[in-house]
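Engineer: Using the numbering used here, read the sequence shown as starting at 47 and increasing by one per residue. I am attaching a structure below and will ask some questions about it afterwards.
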Amino acid sequence: DADWVKGWLLPKFESNGVPAHVDYRDFEIGVPSLVNMERAVEECAKTLLVLTPNYVESEFTNFEALMLQVSDVINVRKKILPLMLVDCTLPKRLAIFTYADFRDENERPMQLQRLVRQVKKDFAALEPAKPAYPPLDNEHVSLERLPYTGYELFGRQKELQALDEAWAAAGTHVISFVGYGGVGKSTLLNKWLERLRWDNYRGAQKVFAWSFYSQGTNERVTSADKFINDALAWFGDPNPTAGSPWDKGSRLADLIRRHKTLLLLDGMEPLQSAYDFEAGAIKDPALRTLITELGRRNPGLCVITTRVAAPELGRYPQTCQQIDLEKLSAEAGAMLLKVRGTQGSDEALQQATANFGFHALAINLLATYLHEIPGHPIAAAAAIPDLQNIPEQKGRHPRRIMAAFADKLGKVAATELLHLLGMFDRPVELQAIAAVIAKPPIPDLTEPLTSVRDAAFLQACETLRRYKLIAPTSSHNPDTLDCHPLVREHFGEKLRSQNPAAWKEAHARLYEYYKNLPAKELPDTLEEMEPLFAAVAHGCQAGQPTKVWEEVYWKRVLRGNEKYTERKLGAFGADLSALSNFFKMPWDKPSSGISEQRQALVLSLAGFRLRALGRLAEASQPMQAGLNLFVNQKGWINAAANAGNLSELYLTLGKVSQAVASARQSVDFADRSGDWQMQVRNGTSLANSLHQGGDFRAAEKLFHEAEAMQQQMQPQYFYLYSLRGFLFCDLLLSLRQYQDVQKRARQALEWGSRGYTLLDFALDKLSLGRAFLLQALATDHAQDDALSKAKGCLQQAVAGLRKAGTSHHLPRALFARAACYRVQNEFANAQADFEEAREIAERGEMKLFLADYHLEACRLCLAEAGDGRTEDAEEKRRQARVHLEAAAELVEQTGYHRRDAEVEALRAQIAQFK
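Here it is in structure tokens:
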């Protein structure tokens, strides 16, 4: 066949002016044949099938016809042109087509002209040629982190088309593919990327990909810190580790939007919540900010694959698509089985596809399993046992075939290697495996394995690659082994349940390996610290949480009370991920293997980190549990601190009455401790809670009492200072005592000049700016000067709070600056500020700030309406009413009665209009 095509058909076609693409001449060297075939079929207007017995019976060469018929079942577009060269019995899918008959040598010239005429006729009706794109330099492409997947993709033409359309049009900013593990999400991503590569990435200026590896669907906290830091560096940020998580996510979004960027995020589900009350919510604040920002504005495209839909994308239905990946159709599954050599009728292949849940990974593994059976009969699939105890969404059908492979192999090196891979949640370096299989062997686990370089180990790897249970050797990380997350999950569960002693011993060896891996006893960067995070995870799985806490987490990760990862690296997510290993159940049941005193500390640390990450609803649970333990232990200072933190958390969440109750409790514990600083701190916390609840007199009395206690112990500081001083100034501004606030803030700034923190400086500038603004509104005298001073101070406050990375304080400054802009008729700037504050409040569930947003939005609408002469005045007044009612509802719902008078004043103002 090949000689006839080369020597007769190809020259004749080209001499008649029909350009052709043929494998022996045009396929790209070094690229898998199936990829070359798909590219040829994709790029060519027609595919000529030379039908002979060899073609019909071969395992792979009819791939082109199968691929074409997935997208065009009855060949309406006439991409398939069959040519029969030698008598053969055609499969049903090809027998329905009329073919050119080249069996009679004398008839060939006439049949050739017939074929040429058909091609030229069809060419006239073809769509215009695709545009040619300039090559994209490799320095602008980073794809090495995407996982390996197979090349076969059947039944996903609709999704590929959706990706093509999303990239070509400007209206879609984010597209997310949602589906269970193994349904082909990553394969879809890789297949589309391959098509883009053929076209020089179709005008992309930057292409960046990342994969978040996950062991399964269990709630084990993971972090986006490394992704965010690496991406910031790759896109050109001069200081990737600087700023809060929210700031870093916003900066990364800005960098991405400077170009037409294709951002690919594979397997995002580890960073999404599994809790019912926030199912799918993106837990990591930097990643959440990035995705939300790109959903709002993005000249390129962000493509996500995940197991669960993200509610954040639901906020932008016009620009964000979330597509539930349907399982493979029966026809597509049958075609996949057939192209992999499975023997059976179309009906039997389709029935097998249905029996295995139409699951893409299951069908792929089934084809491989059947290929090991002589004759590759589809009937053998019926003998594979079901796993009724595993839910379908946990991968029951692919795991059936994994279990069948394990039974087929028996207790050999390959099976034990799969069990070892099940102890990890990402690609495994060979040196880590070497640490586990070192002598003496672990009974019933590592006896068949002695070295990562010996024949038995290499043969085990080769066997598992042939079975498609592990990925081919990575060109980027050749000294690692990788496999599908469901494979890890299945064999890890088997080892843990069937051989717990071996499970613990293997993890203990990995703990020692990772503990000793860093070059420095105290690593400086997040990347240098990664082995210590791995050591924490493996040591806790080995059942040694106390040892892990003392040797690694407290001593080398936190560095004791220095809290290094929190204060120096700002790596709240990575630290919380490590901390989660000390829990039996996040976030209320610490491991029973650590002392009760440490359990209380673990709960307290977890609550603080969850709060820092904006996961406020989750933070209350460990804070309360930690508080209960501290009370039981009569550790009154810790109990007072925890109760105070809990009060502040409740206040942020908009639970004012609970905040007051916790604050009263914190005052009681502080009194029991006898610690005057704790008494001052918690006295002002109670005062602030009462202020927000509208009890101004009680709040003022408590602030003065706390200030008097401080003056007694620190006579040089006659005003409350730092956060406590700011909270008192906040009350005084509610009482319109702006002159007192100006004196206090100026004095605090003078004290702070000797050694200020970023937060204290920003808060004092905020107090001073608000005081000048109130002065400008209260008097006509020197109003312009006061407004100018207010604006300058508020600019410094906003910049300072951004630098301090304190997102839970930033809305205060943004609302104040928005009010200043409004007074100066800078309406666009005002709106930009309070919209940013709204986004922070929404993602952090900060209901009091949401009430403030609606109040400020109401004021802005009224200011824009002016005296009613503008064209949109009536619409602005209508919007003002809507915002006021939303604010009033939130005030009542939360108990935020500090704002009662403001609500009534705005109602009276609106009531003046008809």
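All C-beta atoms in this analysis are idealised placements derived from N, C-alpha and C, irrespective of residue type, glycine included. A quick note: this is a predicted structure, and the numbers were derived from the prediction, not measured.
To which residues of the same chain is residue 193 closer than 6 Å at the C-beta, ignoring the five residues directly before and after it?
Structural biologist: 232 and 257.
Engineer: If you reduce the DSSP assignment to three classes, tell me which class residue 399 lands in.
Structural biologist: Reduced to three states, the DSSP call for residue 399 is helix.
Engineer: Counting only the same chain and skipping the five closest in sequence on each side, list residues whose C-beta sits under 7 Å from that of residue 746.
Structural biologist: Correct list, in chain order: 777.
Engineer: How should residue 299 be labelled, buried or exposed, when 16 other C-beta atoms within 10 angstroms of its C-beta is the threshold for buried?
Structural biologist: So residue 299 counts as buried.
Engineer: Should residue 673 and residue 706 be called a contact, given that it needs their Cβ atoms to be closer than 8 Å?
Structural biologist: Not in contact: residue 673 and residue 706 (Cβ atoms no closer than 8 Å).
Engineer: Return the CA-CA distance between residue 129 and residue 206, expressed in angstroms with no decimal places.
Structural biologist: So the two alpha carbons sit approximately 29 Å from each other.
Engineer: Using 10 angstroms around the beta-carbon of residue 149, count the other beta-carbons present and answer buried if the total reaches 16, otherwise exposed.
Structural biologist: With fewer than 16 Cβ atoms within 10 Å of its Cβ, residue 149 is classed as exposed.
Engineer: Could you tell me the distance, in whole angstroms, from the CA atom of residue 875 to the CA atom of residue 860?
Structural biologist: Between residue 875 and residue 860, the C-alpha separation is close to 10 Å.
Engineer: Based on Cα-Cα distance, which residue from 311, 310, 327 and 312 lies nearest to residue 318?
Structural biologist: Measuring from the Cα of residue 318, the nearest candidate turns out to be 327.
Engineer: By Cβ distance below 6 Å, which residues in the same chain neighbour residue 680 in space, the five residues on each side in sequence not counted?
Structural biologist: The answer is none, since no qualifying residue turns up.
Engineer: Entirely within the stretch 121 to 200 and at least 4 residues each: give me those alpha helix (DSSP H) ranges in chain order.
Structural biologist: Correct list: 138 to 141 and 154 to 170.
Engineer: Under 8 Å Cβ to Cβ from residue 214, same chain only, skipping five residues before and after it: list those, please.
Structural biologist: Contacts found: 248.
Engineer: Within 10 angstroms of its Cβ, does residue 549 collect 16 or more other Cβ (buried), or is it exposed?
Structural biologist: Label assigned to residue 549: buried.
Engineer: Report the rounded CA-to-CA distance for residue 716 versus residue 689, giving the unit in angstroms.
Structural biologist: For residue 716 and residue 689, the distance between alpha carbons rounds to 10 Å.
Engineer: Just checking my contact of residue 865 with residue 902 at CB under 8 Å: how many whole Å lie between their CB atoms?
Structural biologist: The pair is a contact, with the Cβ atoms about 7 Å apart (cut-off 8 Å).
Engineer: Is residue 256 helix, strand or coil by DSSP?
Structural biologist: Residue 256 falls in the strand class under three-state DSSP.
Engineer: Going by the beta-carbon positions, is the gap between residue 769 and residue 753 smaller than 8 Å?
Structural biologist: Contact flag unset, no.
Engineer: Could you check what DSSP says for residue 635 in three-state terms: helix, strand or coil?
Structural biologist: Of the three classes helix, strand and coil, the one that applies to residue 635 here is strand, per DSSP.
Engineer: In terms of DSSP beta bridges, what is residue 949 paired with?
Structural biologist: Answer by DSSP bridge pairing: none, since residue 949 is not bridged.
Engineer: Output needed for residue 807: all residues of its chain with C-beta closer than 7 Å, excluding positions within five of it in sequence on either side, in chain order.
Structural biologist: Excluding sequence neighbours, residue 807 sits near 798 and 846.
Engineer: Between the Cα of residue 965 and those of 329, 325 and 359, spot the shortest distance and give me the residue it belongs to.
Structural biologist: What is shown of the chain runs 47 to 960, which leaves residue 965 out entirely.
Engineer: Let me make sure I understand the geometry here. Which of 269, 722 and 160 has the alpha-carbon closest to that of residue 655?
Structural biologist: That would be 269, whose Cα lies nearest to the Cα of residue 655.
Engineer: Can we say the stretch 564 to 577 touches the stretch 507 to 520, given the rule of at least three CB pairs closer than 8 Å?
Structural biologist: No, they do not touch.
Engineer: Would you say residue 667 and residue 633 are within 8 Å of each other, going by their C-beta atoms?
Structural biologist: Cβ atoms of residue 667 and residue 633: closer than 8 Å.
Engineer: Helix, strand or coil, according to DSSP, for residue 529 in the structure here?
Structural biologist: In the structure shown, residue 529 sits in coil (DSSP, three-state: anything other than H, G, I, E or B).
Engineer: Which residues in the same chain as residue 74 place their Cβ atom closer than 7 Å to its Cβ, once the five residues preceding and following it in sequence are excluded?
Structural biologist: Cβ within range, chain order: 82.
Engineer: How should residue 263 be labelled, buried or exposed, when 16 other C-beta atoms within 10 angstroms of its C-beta is the threshold for buried?
Structural biologist: Residue placement at residue 263 cannot be trusted, given a pLDDT of 38 that sits under 50; what the coordinates show is reported in the next sentence. Residue 263 should be labelled buried.
Engineer: Please state if the CB of residue 312 and the CB of residue 338 are separated by a distance shorter than 8 Å.
Structural biologist: Their beta carbons are not under 8 Å apart, which means residue 338 does not touch residue 312 by this criterion.
Engineer: Nearest to residue 816 by CA position, among 804, 792, 947 and 796, is which residue?
Structural biologist: Considering only alpha carbons, the answer is 792.
Engineer: Throw me the rounded Cβ distance for the residue 272 and residue 572 pair, which I believe falls under 8 Å.
Structural biologist: At roughly 7 Å, the Cβ-Cβ gap stays under 8 Å, so residue 272 and residue 572 are in contact.
Engineer: Which two residues bound the contiguous alpha helix (DSSP H) that contains residue 866?
Structural biologist: Residues 856 to 869.
Engineer: In this structure, does DSSP put residue 352 in helix, strand or coil?
Structural biologist: Residue 352: strand per DSSP, three-state reduction.
Engineer: Just curious, the alpha helix (DSSP H) that residue 708 is in, first and last residue?
Structural biologist: Looking at the DSSP string, the run of the alpha helix (DSSP H) that includes residue 708 is 702 to 719.
Engineer: By the three-class DSSP mapping on this structure, what secondary structure does residue 451 have?
Structural biologist: Note: residue 451 maps to helix in three-state DSSP.
Engineer: Residue 921 and residue 873 look like a contact to me (Cβ under 8 Å); what is the Cβ gap, rounded to whole Å?
Structural biologist: So it is not a contact: roughly 14 Å between Cβ atoms.
Engineer: Among 502, 374, 470 and 460, which has the Cα closest to the Cα of residue 583?
Structural biologist: Of the listed residues, the one whose Cα sits closest to residue 583 is 470.
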